[in-house]
Structures are given as structure tokens and as C-alpha cells.
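J.:
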Amino acid sequence: MCEPIYQSSAWSFDSLAQAEAVFSGVAVGIPHRAYGSPNHRLLESLLAELEQAESCVTTAGGMSALAAVFWTLLEPGARVIASHDLFGVTAALLGDMQRWGVTTTYVDATDVGVVADALRQSARLVLIESISNPRMRVPDIERLARLAHDHGALLIVDNTLAGPYHCRPITFGADMVVEAATKALAGHHDVVLGAIAARQEIITPMRSLIERAGLGPGAFDVWLARRGTMSYALRQERASANAAQLADWLAARDAIQAVHYPGRTDHPDHEVARRMLTSGYGSMLSLEIDTSHLDVDTFLAALEHIRLVHSLGGAATSLSHAVTMTHRCAGEDRRRELGLHWGFFRMSVGIESIADVISELERALHDAASTER
Ligand SMILES: Cc1ncc(COP(=O)(O)O)c(C=O)c1O
14 MCEPIYQSSA WSFDSLAQAE AVFSGVAVGI PHRAYGSPNH RLLESLLAEL EQAESCVTTA
74 GGMSALAAVF WTLLEPGARV IASHDLFGVT AALLGDMQRW GVTTTYVDAT DVGVVADALR
134 QSARLVLIES ISNPRMRVPD IERLARLAHD HGALLIVDNT LAGPYHCRPI TFGADMVVEA
194 ATKALAGHHD VVLGAIAARQ EIITPMRSLI ERAGLGPGAF DVWLARRGTM SYALRQERAS
254 ANAAQLADWL AARDAIQAVH YPGRTDHPDH EVARRMLTSG YGSMLSLEID TSHLDVDTFL
314 AALEHIRLVH SLGGAATSLS HAVTMTHRCA GEDRRRELGL HWGFFRMSVG IESIADVISE
374 LERALHDAAS TER
């Protein structure tokens with residue numbers, strides 16, 4: 014009923030013939046570490062099915078999944094076209110690739126014409142997020158996949174904020190999906206795990222790189238993530254319903270300058286989101302606090318259960334600050350370009366009673382507004 018955890022980093026062989034078969038890939042087995050254990054195989058086949066991909070490989074985190082993608086697919090001198098609205102650490106990792114001569118052109122991925130212009134010059138990868146972090150922009154994966162393929166590029170989608178419950182990029186033509194399964198897929202803030210789902214021919218060399226570089230996850234993390242997937246759909250159903258309600262409530266508050274939620278009709282990508290996202294619009298939203306009327310520190314201090322957290326996708330509602338946290342390495346110019354000011358927060362909406370979340374926010378907004386500025 015409940016599979017055991019294969020908590021072993023060393024595996025014995027019955028004979029040299031068996032070792033030869035395993036190392037040469039003829040037989041299924043585990044050469045070294047935990048990779049390829051029954052726990053890994055179970056989670057990877059489950060995630061491949063969820064993403065509707067041929068194959069999947071897990072890694073020790075969302076960032077190691079992206080590193081494996083870049084190291085496997087990018088030759089020196091390669092060019093990447095990336096959404097200007099990526100998770101800040103992903104952009105920093107692309108910056109690290111410059112020392113191998115990899116260049117990145119940042120574009121507004123929600124503007125297909127702009128991406129088409131960028132593709133006039135050859136590129137190996139187009140990298141987008143299905144819901145961008147933290148501005149919640151939703152690009153048209155279907156059109157971008159066609160465009161990338163017409164120009165000989167691969168489309169990679171970081172699907173972390175939407176997750177496979179709300180979005181399956183491969184069904185829209187994307188070549189590869191990256192998930193930080195650390196977040197809602199595992200769902201309890203107790204695991205760091207990544208996954209890459211794609212065609213077998215893409216996954217096979219990536220799996221070799223992950224094994225060589227030691228980028229794979231341990232068995233216990235994989236087991237915890239697999240347990241998380243059993244309640245994943247139920248959690249997302251509740252969390253996205255909560256987020257939709259909360260977005261409307263926040264949008265009606267005077268102290269909130271703007272709410273970014275793809276499910277709202279005032280969202281600039283709402284029409285695209287209706288096609289790209291299913292079963293609701295996700296559990297993530299962003300809000301902009303009017304800092305001229307509300308003291309951010311007092312607001313945060315008045316919150317009791319809603320914590321300031323860099324990560325997302327847990328059972329409890331949490332907030333993340335773009336300037337000091339997710340986009341601290343983006344630099345001031347990029348943050349200004351994206352409108353990521355001091356009052357900009359990303360909110361990961363949890364599965365609690367939404368009435369409790371609203372009453373806590375109401376109290377905190379009231380306290381912060383009555384603080385003299
Ligand atoms: C969109 C996105 N991709 C990747 C990551 C990195 O994931 P991990 O923390 O598992 O390395 C994050 C983390 O917040 C993220 O938001």
C-alpha cells in the first residue's frame with residue numbers, strides 16, 4: 014500500500030555480468046547513489062503521466078533542473094531567448110552561463126511579435142514561465158512553441174507556479190517542462206526537488222548529466238514528494254478557489270494599488286489564461302501595496318499566520334517580497350523595468366479557511382493604515 018523508502022546510496026551486484034548490464038544500460042538497475050531507485054522510478058513515471066510527457070527525470074531542486082537543462086542543451090556561443098519576467102535566480106543562472114559564451118536576450122514573452130523579432134537571429138532555446146514569477150503574466154505557449162520550432166529552437170516552460178494541475182505545456186507543443194516540485198507538487202515545505210519532463214531523446218542525455226554531476230535527489234525527498242502528489246489535485250482545487258476569492262477581496266481594498274491574478278478579467282492575459290490554464294487559475298497572485306498610504310513593516314508585523322517566505326506552494330498562505338527576496342539579484346534597473354517596487358508582494362495562497370486568511374489581512378491592513386507615516 015505504502016512503498017518503502019530505499020534509503021541506500023550503495024547497491025550490490027550479483028555478478029560482473031549483471032554489473033555490465035546495468036552500467037551499459039541494458040538492464041534496469043542502480044549503478045550508484047540513490048538515483049534510479051524504485052522510489053525515483055515511481056515518482057518519475059507519475060510526473061511524466063501528469064505532464065503528459067514521454068519521460069521524466071528528477072533533480073535535487075528546481076534550480077538544479079534548470080542547470081541540467083542549460084548544461085545539456087547549450088554549447089559555447091549559444092543564444093537563449095528568455096522572458097524578461099523570470100524568477101530572479103533563473104536569470105542569475107543564465108547570467109552565470111555568460112562565462113561559457115552563452116548569451117541571453119530578454120523579451121516580453123506575452124508579446125508574440127517581440128519574440129518573433131528576437132528569433133530572426135538564431136537561438137537554441139526559448140525559455141518562459143507558464144505563469145511568471147512574480148508578475149503572473151501568462152504567455153501563449155501554443156503560439157510560442159510554433160514560432161520556436163519554425164526557427165529551429167526548443168521551447169522550455171518552467172511550469173512551477175501553475176503546476177501540472179493547471180497547465181500541461183507539452184500538450185501545447187512545448188518541448189520540455191521544468192517543475193520546482195519543491196513547491197505545490199510536494200506541497201508541505203519539507204522537500205527540495207526538481208523535475209524535467211520531455212521526449213525520451215531529450216531526457217536520456219540529461220539523466221546522464223544529472224548522474225555524472227550528482228544533481229539527483231535523495232530517496233527520502235522523492236518519497237515525500239510522491240506522498241505529496243497523492244493530495245496534489247485536492248490541494249490545488251482548494252488553493253486556487255481560495256486565491257480567486259482572495260484576489261477579488263484584495264482588489265476592492267483602497268490600500269492595494271493592484272492585484273495580479275490571471276483569473277480576473279482585468280488581468281492583461283486573462284484571455285490567454287483561459288486557454289492555457291485549466292481547473293481554475295492557480296494558487297498564486299501578486300499584490301501591490303500603496304506604500305504612500307500604508308506602512309509595509311507594520312502590515313507584515315501585524316500578520317500572525319501569514320508568514321514572509323521565499324518559497325511557495327505550501328499548505329499555508331505566505332507572502333514573498335520581490336525586492337529583498339525573489340528578485341534581489343535582478344538589480345535595480347530590471348526591477349524598475351518590471352515595476353517591482355517596495356510594496357510588491359507575491360502571495361502563495363494555501364488551503365486554510367479563506368475567511369480566516371481574509372480576517373487576518375483585514376486586521377493587518379487596518380493596523381498598517383492607522384500607523385502615522
Ligand atoms: C518559477 C521558479 N522556478 C524555479 C524555482 C527554483 O526552485 P527550487 O527552490 O526547488 O530550487 C523557483 C523557486 O521559487 C521558482 O519560483
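Just so we're aligned: the sequence shown equals residues 14 to 386 in this note's numbering. We treat Cβ as the ideally placed atom computed from N, Cα and C, and that holds for glycine. Quantities reported herein were computed from a predicted structural model and do not represent experimental measurements.
1. Going by beta carbon distance, what residues of the same chain come within less than 8 Å of M76, once the five residues before and after it are set aside?
2. Cα-Cα, which of T242, I169 and A32 is closest to I209?
3. Can you list, in chain order, the stretches of the beta strand (DSSP E) that have 3 or more residues and sit fully within the stretch 321-379?
4. Hey, E301 and T330: beta-carbon distance below 8 Å or not?
5. Does DSSP put T217 in a helix, a strand or coil?
6. Compare the beta carbon distance of V235 and V82 with 8 Å and say whether it is the shorter of the two.
7. Can D282 and V151 be called in contact, C-beta distance under 8 Å?
8. Within 10 Å of its beta-carbon, does T71 have 16 or more other beta-carbons around it, so buried, or fewer, so exposed?
9. Which runs of the beta strand (DSSP E) at least 3 residues long sit entirely within the stretch 293-324? Give them in chain order.
10. Just to confirm, are R320 and A335 a CB contact at a threshold of 8 Å?
11. Is G377 near L325, with beta carbons less than 8 Å apart?
12. If you run the structure through DSSP and keep just helix, strand and coil, what is H53?
13. When you compare the CB positions of I183 and E62, do they come within less than 8 Å of one another, or not?
14. Out of M338, Q258 and G356, which has the shortest C-alpha to C-alpha gap to S305?
15. Determine the contact status of I144 and P44, defining contact as a CB-CB distance below 8 Å.
16. Sort out for me which residues DSSP pairs Q269 with in a bridge.
17. Could you check how far apart the C-beta atoms of A211 and M189 are, in whole angstroms? I think they sit under 8 Å.
18. Starting from G207, trace the beta strand (DSSP E) in both directions and tell me its first and last residue.
19. Closest to H164 by CA distance: which of F36, S135 and L140 is it?
20. With distance defined between alpha-carbon atoms, name the residue in N52, F185 and Q31 nearest to H17.
21. What separation, rounded to the nearest whole angstrom, lies between the Cα atoms of Q327 and G363?
T.: Result, derived from the coordinates:
1. V102, T103, L106, A193 and G207
2. I169
3. 331-334 and 357-361
4. no
5. helix
6. no
7. yes
8. buried
9. 297-302
10. no
11. The question names Gly, yet the displayed sequence has Ala at residue 377. Contact flag unset, no.
12. helix
13. no
14. G356
15. no
16. Checking the sequence shown, residue 269 turns out to be Ile, not Gln. Per DSSP, I302.
17. 4 Å
18. G207 to A211
19. S135
20. His is not the amino acid found at residue 17; the sequence shown has Pro there. It is N52.
21. Note that residue 327 corresponds to Gly in the displayed sequence, not to Gln. Distance between the alpha carbons of G327 and G363 is about 6 Å.
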